[in-house]
């Protein structure tokens, strides 16, 4: 079956630090990969996605590259801001299955 | 602007009460989902509906039921609330036919406390 393993948190960084949140997956077939973000008091919203190997998704300064050889989709940002404090979820979906499989989430706190 | 709304942001109920959580989407999506979110466990799928009156059990359906009488509305029902159902409940929707390749759109969540 499908599964997503995400870097455990919480993660605390200083403003302008480099961010990496690791995500690896197991899937049958060729999954699409997603990063969702949940800001305090809100629901999840899509941050970025990639639908095939070697695709790079990017949004708001965040990037993630779909690596089929290492079954990974790590989230990176070069210089984080206080406003990036949130919970980040890695997820995957596969063709023919309308449901997504989510990781457990990583809480990120950025201190000024 | 696409929107998924949930009837309450915060709800406090007593053990044994029947609880209704409502979700409405305005995107004409076929698929709707109910998740619960707990610290350390991430999102777990309770039920999924792919059309009016159609439903499918998710990973943790025990103690819950659902209703989808209209395309835009998906209700989660706790027949007899228990303290272990205290959680954040999230509703989501997505268009059909794209499999797991399309975005799910989430509501703001309902934080339910069962005393």
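Protein chains in written order, with the working numbering: chain F, 1 to 112; chain X, 1 to 115.
No residue lacks a Cβ here, since even glycine has one placed at the ideal position from N, Cα and C.
None of the values given here were measured: they were computed from a predicted structure.
For the 7 Å CB-CB criterion, residue 57 (chain F) and residue 48 (chain F) form a contact. Listed in chain order, the beta strand (DSSP E) runs fully inside the stretch 14–67 of chain F are 19–21, 23–26, 32–38, 44–50, 56–59 and 62–65, counting runs of at least 3 residues.
Legend: CB atoms of the stretch 78–92 of chain X lying less than 7 Å from CB atoms of chain F belong to residues 90. In this structure, F:74 is the residue among F:74, F:55 and F:82 with its C-alpha nearest to the C-alpha of residue 4 (chain F). Close partners of residue 99 (chain F) in chain X (Cβ separation under 8 Å): 33, 45, 48, 58 and 100. With a cutoff of 7 Å on beta-carbon distance, residue 92 (chain F) and residue 27 (chain F) are scored as near each other. Excluding five sequence positions before and after residue 76 (chain F), the CB atoms of its chain that fall closer than 6 Å to its own CB belong to 20 and 63, given in chain order. Taking C-beta atoms as the reference points, residue 86 (chain X) and residue 113 (chain X) count as a pair closer than 7 Å. In the displayed model, residue 102 (chain X) falls within coil according to three-state DSSP, outside both helix and strand. The contact set of residue 76 (chain X) on chain F, defined by CB atoms closer than 7 Å, is empty, because the minimum CB distance reaches about 15 Å.
Non-local C-beta neighbours of residue 102 (chain X) in its own chain, meaning closer than 8 Å and more than five positions away in sequence, comprise 94 and 95, ordered along the chain.
Going by DSSP, residue 92 (chain F) is part of the beta strand (DSSP E) stretching over 86–93.
Residues 94 of the same chain have their beta carbon placed closer than 6 Å to that of residue 29 (chain F), with the five preceding and five following residues left out of the count. Below 8 Å, enough C-beta pairs join the stretch 75–90 of chain X and the stretch 36–51 of chain X to call them touching: three or more.
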